[in-house]
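Residue numbers (this note's numbering): 78 to 474. Each remark here refers to the structure printed beneath this line.
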């Protein structure tokens, strides 16, 4: 049956994805099922979206309760779920105000616009460059793509938007030099997810914050993938003792429903006035109701402590695998975002895992990335790593 669905899809859906040959029809917790009834343990979680697992009953109930009340009004009017969600985001973060959109790319676009407008009002037209990191990923829309520091994503879409400067991640000297070229902001992911789960070196993010303060630059944290509990803290930057001026969230915010949020201090947010930026569907009542419930669960301190403990356990078991398989060059991560860098291509391992009932993905060609739902149990982690071990044995023995 799957082959027929895949054939139908290939006729009418643009070929923009290298999809796995699966037709998924059901999800619950950390597991999904295909159209043949086969079960899979899901360590992709919609690419760090379903942090509370698939079909979370409380999130589903919140959306269902809102559906017969009010679905859409546009942002010409106020709605209560949007206000309540914004209040919670502000209460749990450095920020004072929030702008809602539908995705990570959209809120990163909003962050770029906000920084440029703020800088123009504060410094005049000369400072508009945004410094981004090599190996970064900020989205597929043209502005977010122009801020993404990986050439492979640019191909065929040139010329990109001007006004972006790229420096190596973890290189404060290069960043310092780049600030001399009319910069207004530094945009970075506290942990580069798509870039291969690359962590900041000790002192790097602190140094970035200090440099921004010294040079009068805004610091923008893209927490689209790392935020909302993924690292065992509500936001990844909390691990490093720094606060941004602007932050972007999306992915897990509504646990699978499309929502993004752009957060900023009051000083920066005032640059957005009526007409400066907009989103027709941003913060709609149904999505906001679901997100409010999801955020309440994800921000629970006891829940976050459990994620940290699970991350420690997953790291321990992954390092045991590294001892067994020399093909694993490095294990790195935090909380429940982990990358296993291989000395060889990782795609065959992804296939071997899928054939054995485990879904993972591979980034940068040789880095196996693990993003299980944050509700994953010890038993499910054991099962997943046992499958991974069998897959590594099959591919590299």
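Ideal placement from N, C-alpha and C gives every residue a C-beta, glycine not left out.
The beta carbons of residue 258 and residue 209 sit no closer together than 9 angstroms. Under the DSSP assignment, residue 189 falls in the alpha helix (DSSP H) whose first and last residues are 181–200. Rounded to the nearest whole angstrom, the CA to CA distance from residue 465 to residue 239 is 43 angstroms. Under the three-state reduction of DSSP, residue 390 is assigned to helix.
By the Cβ criterion, the segment 122–141 is in contact with the segment 365–380, since at least three pairs of Cβ atoms, one from each stretch, lie closer than 8 angstroms.
Beta-bridge pairing by DSSP links residue 151 to no other residue.
Residue 226 is positioned such that its CB atom lies closer than 9 angstroms to that of residue 211. Within the same chain, Cβ atoms closer than 6 angstroms to the Cβ of residue 183 are found at 337, the five residues on either side in sequence being excluded.
Where residue 294 is concerned, there is no enclosing beta strand (DSSP E), because DSSP gives it neither an H nor an E. By the neighbour-count criterion, in which 16 or more other beta carbons inside 10 Å mark a residue as buried, residue 179 falls on the buried side. Residue burial is scored here from C-beta neighbours: residue 117 has at least 16 other C-beta atoms within 10 angstroms and is therefore classed as buried. In the structure shown, residue 82 adopts helical secondary structure according to DSSP, grouped into three states.
Residue 223: member of the alpha helix (DSSP H) spanning 219–223, first to last residue. A distance below 6 angstroms between beta-carbons, with the five flanking residues on each side excluded, links residue 423 to the following residues of its chain, in chain order: 439, 443 and 445.
Per DSSP, the beta bridge partners of residue 117 are 109.
In the structure shown, residue 469 falls within a helical segment according to DSSP collapsed to helix, strand and coil. Cβ contact annotation for residue 277 (same chain, cutoff 8 angstroms, sequence separation greater than five): 246, 247, 267, 268 and 317, in chain order.
With a 10 Å radius around the Cβ and a threshold of 16 neighbouring Cβ atoms, residue 427 comes out buried. Inter-residue distance for residue 351 and residue 100 is about 43 angstroms (C-alpha atoms, whole angstroms). Here residue 364 has 331, 334 and 336 as same chain residues with Cβ atoms under 6 angstroms from its own Cβ, once five neighbours each way along the sequence are excluded. Using a Cβ-Cβ distance cut-off of 8 angstroms, the segment 84–97 and the segment 408–418 are not in contact, since fewer than three pairs of beta carbons, one from each stretch, lie closer than that value.
Judged by beta-carbon spacing, residue 387 lies beyond the 9 angstroms limit of residue 298, meaning their Cβ atoms are not closer than that value. Counting other Cβ atoms within 10 Å of its Cβ, residue 312 reaches 16 or more and is therefore classed as buried. Straight through space, the alpha carbons of residue 216 and residue 139 are spaced by roughly 29 angstroms. Annotation for residue 369: the continuous alpha helix (DSSP H) segment containing it runs 362–375.
Residues 125, 126, 127, 128, 129, 304, 305, 306, 307, 371 and 375 of the same chain have their beta carbon placed closer than 8 angstroms to that of residue 329, with the five preceding and five following residues left out of the count. If you look at residue 252, you'll find it in the alpha helix (DSSP H) that goes 249–255.
Straight-line measurement puts the Cα of residue 105 at about 30 angstroms from the Cα of residue 324. In the three-state scheme derived from DSSP, where H, G and I count as helix and E and B as strand, residue 428 is classed as helix. In this structure, the straight-line span from the alpha carbon of residue 196 to that of residue 159 is close to 28 angstroms.
As summarised for the segment 311–356, the continuous alpha helix (DSSP H) elements at least 4 residues long and confined to that stretch are 343–346, given in chain order. One thing to note: residue 454 has its Cβ no nearer than 9 angstroms to the Cβ of residue 152. If you draw a 10 Å sphere on the C-beta of residue 377, you find fewer than 16 other C-beta atoms in it, and that means exposed. Around the beta-carbon of residue 300, 16 or more other beta-carbon atoms lie within 10 Å, marking it buried. Residue 243 is bridged by DSSP to 209.
Distance check between residue 463 and each of 435, 121, 474 and 342 places 435 closest, using alpha-carbon atoms only.
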